Amino acid sequence: MKKLLPLILICLTCLVSSAQITVPAVKANFGVDGELITNVYKTATSLGSDDWYSKNIKVPGKGVIDTTGAAQIVSNYTTQPSTRMSSFSRAMSVDPYSAISGRLLLDAVFHRDFHGDDSTVFASGSNKNGMSPANWTCPVSQGIPDKNDILDAYTHVRRDGLNVTDSLWMFGGISIENTTGSRYFDFELYQTDFSFNRSTLSFQGYGPSAGHTAWTFDATGKIVSPGDIIFTAEYGGSGLSLIEARIWIDKSKLLITPTNFQWGGSFDGASAGVTYGYANILPKTAGQFYTGTQSVTDTTWAGPFSLIRANNTLMSTYDHDQFLEFSVNLTKLGIEPSTFSNNACGSPFRRVFIKTRSSASFSAELKDFVAPYRLFNYAPVDADTYYTYYCGSMPDSVPVNVINPLSTSLYQWSTGNGQIVGSTTGPSIIVNAPGTYYVTQQLHSQCPVFAQDSVRILYTATCTILALKTPVLTSAGQGEKEGYLKWQVNNNELITRFKIEVSSDNRNFTELSAINATDMSGDAGYTYRSKNGLINGSFYRIKVTGKTGETVYSNTLFFRTKAGFGSEPMLFPNPVINEAWISYDSPVKQLVTASVADASGRLVKTFELPVTRGPNLIPVSLANAANKPGIYLLRLHTNNRDYIQKFIIKR
Numbered sequence: 067m068k069k070l071l072p073l074i075l076i077c078l079t080c081l082v083s084s085a086q087i088t089v090p091a092v093k094a095n096f097g098v099d100g101e102l103i104t105n106v107y108k109t110a111t112s113l114g115s116d117d118w119y120s121k122n123i124k125v126p127g128k129g130v131i132d133t134t135g136a137a138q139i140v141s142n143y144t145t146q147p148s149t150r151m152s153s154f155s156r157a158m159s160v161d162p163y164s165a166i167s168g169r170l171l172l173d174a175v176f177h178r179d180f181h182g183d184d185s186t187v188f189a190s191g192s193n194k195n196g197m198s199p200a201n202w203t204c205p206v207s208q209g210i211p212d213k214n215d216i217l218d219a220y221t222h223v224r225r226d227g228l229n230v231t232d233s234l235w236m237f238g239g240i241s242i243e244n245t246t247g248s249r250y251f252d253f254e255l256y257q258t259d260f261s262f263n264r265s266t267l268s269f270q271g272y273g274p275s276a277g278h279t280a281w282t283f284d285a286t287g288k289i290v291s292p293g294d295i296i297f298t299a300e301y302g303g304s305g306l307s308l309i310e311a312r313i314w315i316d317k318s319k320l321l322i323t324p325t326n327f328q329w330g331g332s333f334d335g336a337s338a339g340v341t342y343g344y345a346n347i348l349p350k351t352a353g354q355f356y357t358g359t360q361s362v363t364d365t366t367w368a369g370p371f372s373l374i375r376a377n378n379t380l381m382s383t384y385d386h387d388q389f390l391e392f393s394v395n396l397t398k399l400g401i402e403p404s405t406f407s408n409n410a411c412g413s414p415f416r417r418v419f420i421k422t423r424s425s426a427s428f429s430a431e432l433k434d435f436v437a438p439y440r441l442f443n444y445a446p447v448d449a450d451t452y453y454t455y456y457c458g459s460m461p462d463s464v465p466v467n468v469i470n471p472l473s474t475s476l477y478q479w480s481t482g483n484g485q486i487v488g489s490t491t492g493p494s495i496i497v498n499a500p501g502t503y504y505v506t507q508q509l510h511s512q513c514p515v516f517a518q519d520s521v522r523i524l525y526t527a528t529c530t531i532l533a534l535k536t537p538v539l540t541s542a543g544q545g546e547k548e549g550y551l552k553w554q555v556n557n558n559e560l561i562t563r564f565k566i567e568v569s570s571d572n573r574n575f576t577e578l579s580a581i582n583a584t585d586m587s588g589d590a591g592y593t594y595r596s597k598n599g600l601i602n603g604s605f606y607r608i609k610v611t612g613k614t615g616e617t618v619y620s621n622t623l624f625f626r627t628k629a630g631f632g633s634e635p636m637l638f639p640n641p642v643i644n645e646a647w648i649s650y651d652s653p654v655k656q657l658v659t660a661s662v663a664d665a666s667g668r669l670v671k672t673f674e675l676p677v678t679r680g681p682n683l684i685p686v687s688l689a690n691a692a693n694k695p696g697i698y699l700l701r702l703h704t705n706n707r708d709y710i711q712k713f714i715i716k717r
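Right under this line is the structure:
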């Protein structure tokens, strides 16, 4: 058998070589041409191909990256040069599962890496593929060779058709500082919420099998559960010379014959004799499964966010061979959900981790990296209604809405004890009876239910005090003292007194002031004015007392000044008992990474905060994260900077 091994490896190499394209191409109507612009490379069947950006809206093709704020970012690079050191991300320009030119667009991310000496690099030494991320080391600050320095990175996933079982393609793009010689990089795809903590310079959220998630198979070779994937690439002066696909497995699985793909002959773990490692895989059938090329001129447009070189020079174009991109047919490789599961809409992976290596060897020393970012982070349905309690009479028309609808999702409503008037589909329904109303969300008509939520509407026949309308709470602005609360009531003749209550934690309220009801009948409006101003970062509510002694509470409103919204994120209350809130006015929709460390620097909790553009108020549970009272440090990593706040936990 040993005499046959070289012949086997030669044949496998032939298969790999025949499966690559190193000239411009269009795959799934997406240009893989060393350019960022739509419709640059044209064939008889690809007029109007999509790409990362659309430079001219009159040109056919869809730019898949959201360009919100691009002009301001580039302007800041000139007026505030320090911003050139910052990292940021942008998501896909359309909702997931959007049908564009006959293809389903699933997700896309653009990420600008940190520039100059920073901590998102591997420390010099033995950091290699195949090791557990727990054993990777990162410096506080360190420079790296130009040929390994990542500037920007792109990832996009789409179906080559309108069905969820059509071929799944992944596209990757990367710009590297040096444009000469060979450059080596990896796109590593994790099944877990893999992340990098800059405060502790360590990785978290990796898989349970020697730092990764292993692919598992049954006795016949069918995939039971997916694991981590890595695409390793090599580019030289003549373009792409190799893309190799590997999956993380228990080495003993090499003895089985997989149903979806074939083993490629390579296996590398942290060291010789290990149980787990990355094994090379190849398609079952011959033919093209990947392609790649690089920018061919010094005038290749660098995109609407421009380019920041390693020396912080602002550029509008790439140098020759500076931008490299590739595509991989995940379906042909047999490693996407529709080929082995009952849910073709499942996420093929959760995190993208991009890194460079010092040489062509898979186990070469790792150099630079882009902190893991998430794909397929679709927002689950969240339903609500303006009033949840009625008395006396039930209105004929009460709207119940999805407050975060995706234009491409399908929403189906149902109720077992209420009454829906008219249509039961869509992001909004009309009801005319109390009950519990359920809504399910499908990402696509061919997908199973992705998420569900419910809204409960209550009703009582006897009405002594009607439910209060939502008070309108504002402030006079920064520098002025007076603040006020406004609220509206029904059946004012049944009310005797209002008490204004305040809380720092939305749990324990204290009385701030009291107002007697007027003699008016029917609807009435009230205003409470505070000459000393309302308390920034506090919760307010109104307690209503009726003439019969009955009481009812208004909704609770959180008050923060406009000046507060324009400043740094804030965690409150401080000190914290079990639960706290983070208030943050975000300039864009983004995913904020948060971590909590104790006074010694030990990491006790990491989590993510999906935020929308504008004011956000996010509850944070710290009950299980930090059991000991003491001083803790909250670190928030946003698209444009890091924020740190010290706080105290009491028990």
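The numbering of the sequence shown is the working numbering, which starts it at 67 and goes up by one. For glycine and all other residues, C-beta sits at the position ideal for the given N, C-alpha and C. Predicted model, so just to flag it, every value in this text is computed and none were measured.
Residues near residue i by beta carbon distance below 7 Å, same chain, minus five either side
i      : result
ASP364 : THR383, ASP385 and HIS386
GLY127 : THR104, ASN105, GLY114, SER115, ASP116, ASP117 and SER120
PHE624 : PHE605 and LEU683
SER429 : LYS194, ASN195, GLY196 and ASP334
ASN483 : GLY501 and THR502
THR659 : SER261, GLU674 and HIS703
Chain-order list of residues whose beta-carbon lies under 6 Å from that of residue i (same chain, five-residue window excluded)
i      : result
THR133 : PRO370
ARG264 : SER185
VAL538 : Legend: pLDDT at VAL538 = 41, less than 50; position of this residue unreliable, value from coordinates given subsequently. Answer for VAL538: LYS552, listed in chain order.
ALA437 : THR186 and PHE262
LYS398 : PRO349 and PHE355
GLU254 : ILE296 and PHE419
THR454 : ILE523
THR718 : The structure shown does not extend to residue 718, since the chain is modelled only from 67 to 717, so the question has no answer here.
LEU390 : ILE240, TYR301 and GLN360
ILE581 : PHE564
Reduced DSSP secondary structure (H/G/I, E/B, other) of residue i
i      : result
MET151 : helix
ILE240 : strand
GLU559 : helix
LEU228 : coil
LYS128 : coil
ALA542 : With a pLDDT of 28 at ALA542, under the threshold of 50, the modelled position of this residue cannot be trusted, and the question is left open.
ALA437 : strand
SER404 : helix
ASN214 : helix
GLN138 : helix
ALA376 : coil
PRO349 : strand
SER620 : coil
PRO676 : strand
LEU399 : helix
Inter-residue spacing [alpha-carbon to alpha-carbon] between residue i and residue j
i      : j      : result
ALA517 : VAL677 : 19 Å
TYR256 : ASN378 : 31 Å
ASP232 : PRO641 : 53 Å
ARG440 : GLY239 : 16 Å
VAL125 : GLU431 : 43 Å
GLN354 : TYR698 : 53 Å
LYS288 : THR282 : 9 Å
PHE564 : LYS655 : 39 Å
THR203 : ASP294 : 21 Å
SER275 : VAL223 : 27 Å
PRO685 : PHE251 : 39 Å
LEU267 : VAL206 : 7 Å
Burial state of residue i (16 or more Cβ within 10 Å)
i      : result
ILE216 : buried
ARG701 : buried
ASP585 : exposed
SER649 : buried
ASN346 : buried
VAL521 : buried
GLY100 : buried
LYS421 : buried
LEU534 : With a pLDDT of 41 at LEU534, under the threshold of 50, the modelled position of that residue is not reliable, and the figure given next carries that caveat. So LEU534 ends up on the buried side.
GLN507 : buried
TYR452 : exposed
ASP179 : buried
LEU532 : Unreliable placement is indicated for LEU532, whose pLDDT of 43 sits below 50; the coordinate value is still reported in the next sentence. By the 10 Å Cβ count, LEU532 comes out buried.
GLY247 : exposed
Contact set for residue i: own chain, Cβ-Cβ below 8 Å, skip 5 residues either direction
i      : result
ARG679 : SER652, PRO653, VAL654 and LYS655
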